[in-house]
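In the numbering used here, the protein residues as written are 360 to 495.
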């Protein structure tokens with residue numbers, strides 16, 4: 360995720376959003392359990408949703424590329440960059456993370472994100488944080 364180049368302001372927004380998601384990563388999971396959601400249902404739904412998510416991501420990527428006039432002019436570059444996307448940090452990091460959700464007894468808190476939370480809180484809202492100037 361962090362290895363992908365991009366505009367610093369966009370990355371600050373994405374980090375802030377990811378920070379918010381990590382802080383509340385267990386809420387929907389805990390609500391599901393508290394209203395009677397079973398382990399069996401959770402695992403079956405995830406077994407269906409993981410391939411659908413990957414298909415949706417692939418479709419979105421294909422649509423985005425198809426709408427890019429520059430991509431059509433450079434087909435070799437298009438193939439090379441598409442290959443790099445699938446071999447890159449998003450897909451390579453995402454698939455092993457998603458597999459954990461299929462494990463019996465899994466809970467989102469099993470994935471330790473404390474170091475990442477602390478790092479992004481400091482980068483964004485610490486003394487010299489990138490978003491400190493936006494706080495009221």
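Yeah, the Cβ is synthetic: ideal placement off N, Cα and C, and Gly gets one too.
How should residue i be labelled, buried or exposed, when 16 other C-beta atoms within 10 angstroms of its C-beta is the threshold for buried?
| i | result |
| --- | --- |
| residue 374 | buried |
| residue 460 | buried |
From residue i to residue j, what does the alpha carbon distance come to, in whole angstroms?
| i | j | result |
| --- | --- | --- |
| residue 433 | residue 421 | 15 Å |
| residue 367 | residue 395 | 43 Å |
| residue 369 | residue 424 | 20 Å |
| residue 467 | residue 444 | 26 Å |
| residue 387 | residue 401 | 12 Å |
| residue 379 | residue 489 | 16 Å |
| residue 389 | residue 479 | 25 Å |
| residue 326 | residue 453 | Because residue 326 is not part of the residues shown, which for the chain are 360 to 495, the question remains open. |
Helix or strand or just coil, what does DSSP make of residue i?
| i | result |
| --- | --- |
| residue 505 | As shown, the chain starts at 360 and ends at 495. That puts residue 505 outside it, with no answer to give. |
| residue 394 | coil |
| residue 411 | helix |
| residue 461 | coil |
| residue 426 | coil |
| residue 324 | Because the chain is modelled from 360 through 495, residue 324 falls outside the range shown and cannot be assessed. |
Of the residues the options, which one's Cα is nearest the Cα of residue i?
| i | options | result |
| --- | --- | --- |
| residue 392 | 407, 465 and 419 | 465 |
| residue 416 | 431, 407 and 449 | 449 |
| residue 471 | 371, 439, 382 and 365 | 382 |
| residue 473 | 377, 371, 365 and 372 | 377 |
For a cutoff of 7 Å on Cβ pairs, would you count residue i as touching chain B?
| i | result |
| --- | --- |
| residue 462 | Note that chain B does not occur in the displayed structure, where there is just one protein chain. |
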